[in-house]
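Participant: Take a look at the following structure, please.
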Amino acid sequence: MNRRELLWNMGGGLGGIALAQLLFEERLLAQVTLRRPRAKRVIQLFMSGAASQCDMFDYKPKLIERNGEAFDPGGEVELFQSDPGVVMRSPWEWKQHGECGKWMSDLVPCLATCVDDIAFIHSMVSKSNVHGPATFMQATGFVRPGFPSMGAWLSYGLGSMNRDLPTFVCLPDARGFPPNGPRNWAAGFLPAQHQGTMIRPGRAAPIAALHPPPDSFVDAETDASALALLERLNTAYAESRPGDARLEARIRSYELAARLQTSAPEVLDLAGESRATRALYGLDDDATADMGRRCLVARRLIERDVRFVQVWSGADNAFPRRNWDSHEDLERDHGTMGRSMDRPAAALLTDLKSRGLLDDTLVMWTTEFGRMPCSQGARGRDHNP
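In this note's numbering, the protein residues as written are 2 to 386.
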């Protein structure tokens, strides 16, 4: 065999091996079924202040059995305020619910009726047991400020499904902002147009500065003319400064604000909702009216293809407590927060399911961390990351 024959035969052999491998890989690729993600939209219900998992959905029979005993975790425990107290059972009773038999406490009787539609994750941990950093962790994935929130990333990566409404909407509690305030729904280092648009449905002006004040000399026609002039000036200015992302973001924000003047009132007008729907969300009960209104608005936004809606339960710390941070009296403070959240959250799941929206909407119920199985003082629970 001469040199040419050797190279030809070897080349053919190596080529055959390569071809066989390529054909094998093609067969493997043909067997792979590409799975399209089911979720097109997200609603995040955020329990600010750290809701207690062992008083709602994480049933611990040993807490009942060992109630009042010295707490021995078998190692170091990272507490926030004090040394651990005694083992403390939940003040609420527990029952199994649904076909899945999930144990739920009677703090959340309405959510207990929805357990077959809920996936419970009991293995979550936080990198911090301090409200501010842990809330950042839940909102952005980092304990430090300055990073884009989850909704901002979705807006940036996937874009809008409805050009007349924001891609990311935040509905804070009427009692006030959570720890970190609006930084929880900020865009971080992404263009500002991707930050959450804050809407407060219970107020006379749900979106700040969207319309001129009622006593202003500016009427609707003048306002529209001013916005049109502003758009022309911004466009001309941007043409002389190509690539300025901040300027582009500001122009997009002004354009969205102009469209919101006509689209937002229709979304926020609940007058067309049936009496049964209003009752479902608890709009006629002072304890549930605020959370119920915001959950109903969340459904209406999702119906109109807003990608990400964040609904907050609880504000920053104050006394008396106005969030889930129950250091002093768990039964009192969680009782108040549970009553305000339980019915609206269950109504949201029920309503979405009845309209077929739960098939492609992910609803997340989250909190920055949990609470300890032992007492703090006589009746509270400390942080448990």
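For each residue, glycine too, the CB sits at the ideal point set by N, CA and C.
A quick note: this is a predicted structure, and the numbers were derived from the prediction, not measured.
(1) Taking the beta carbon of residue 8 as the centre, do at least 16 other beta carbons fall within 10 Å, making it buried, or is it exposed?
(2) Look at the Cβ atom of residue 128, then the Cβ atom of residue 116, and state whether they are nearer than 8 angstroms.
(3) Would you tell me roughly how many angstroms separate the C-alpha atoms of residue 344 and residue 242, rounded to the nearest one?
(4) Using the C-alpha atoms, what's the distance from residue 90 back to residue 65?
(5) Just mark residue 181 as buried or exposed, buried being the case when its beta carbon has 16 or more other beta carbons within 10 Å.
(6) Can you tell which of 376, 383 and 361 has the C-alpha that lies nearest to the C-alpha of residue 37?
(7) Contact check, residue 300 vs residue 352 under 8 angstroms by CB: the rounded distance?
(8) Roughly how many whole angstroms lie between the Cα atoms of residue 18 and residue 139?
(9) What is the DSSP secondary structure of residue 268, reduced to helix, strand or coil?
(10) From 41, 40, 39 and 49, pick the residue whose C-alpha is nearest to that of residue 1; which is it?
(11) Whose C-beta lies closer than 8 angstroms to the C-beta of residue 302 among residues of the same chain, with five residues either side of it excluded?
(12) I need the DSSP call for residue 137, collapsed to helix, strand or coil.
(13) Look up residue 128 in the DSSP assignment and say whether it is helix, strand or coil.
(14) Check whether the region 172-186 touches the region 229-243, taking contact to mean three or more Cβ pairs, one atom from each stretch, closer than 8 angstroms.
(15) Taking the Cβ atom as the reference point for each residue, do residue 51 and residue 371 lie within a distance shorter than 8 angstroms?
(16) Sort out for me which residues DSSP pairs residue 123 with in a bridge.
Facilitator: Taking the geometry as given:
(1) Bear in mind that a pLDDT of 46 at residue 8, under 50, signals an unreliable position, so the number given afterwards is only what the model happens to contain. Exposed.
(2) No; because the gap between Cβ atoms is not below 8 angstroms, this pair is not in contact.
(3) Whole-angstrom Cα-Cα distance: 52 angstroms.
(4) Pairing residue 65 with residue 90, the inter-Cα distance amounts to about 5 angstroms.
(5) With 16 or more Cβ atoms within 10 Å of its Cβ, residue 181 is classed as buried.
(6) Nearest of 376, 383 and 361 to residue 37, Cα basis: 361.
(7) So it is a contact: roughly 6 angstroms between Cβ atoms.
(8) Only weak support is given to the placement of residue 18: the predicted model assigns it a pLDDT of 48, under 50, and the value that follows is read from those uncertain coordinates. Residue 18 and residue 139 have their alpha carbons spaced roughly 51 angstroms apart.
(9) Taken through DSSP and simplified to helix, strand or coil, residue 268 comes out as helix.
(10) Summary: the structure shown does not reach residue 1, with the chain confined to residues 2 through 386, and so no result is reported for it.
(11) If the five residues before and after residue 302 are omitted, its C-beta is found closer than 8 angstroms to the C-beta atoms of 166, 170, 268 and 310, all from its own chain and listed in chain order.
(12) Correct three-state label for residue 137: helix.
(13) Coil, per DSSP.
(14) No, the region 172-186 is not in contact with the region 229-243.
(15) In this structure, residue 51 lies near residue 371, with their beta-carbon atoms less than 8 angstroms apart.
(16) DSSP, once it has assigned bridges, lists no residue as partnering residue 123.
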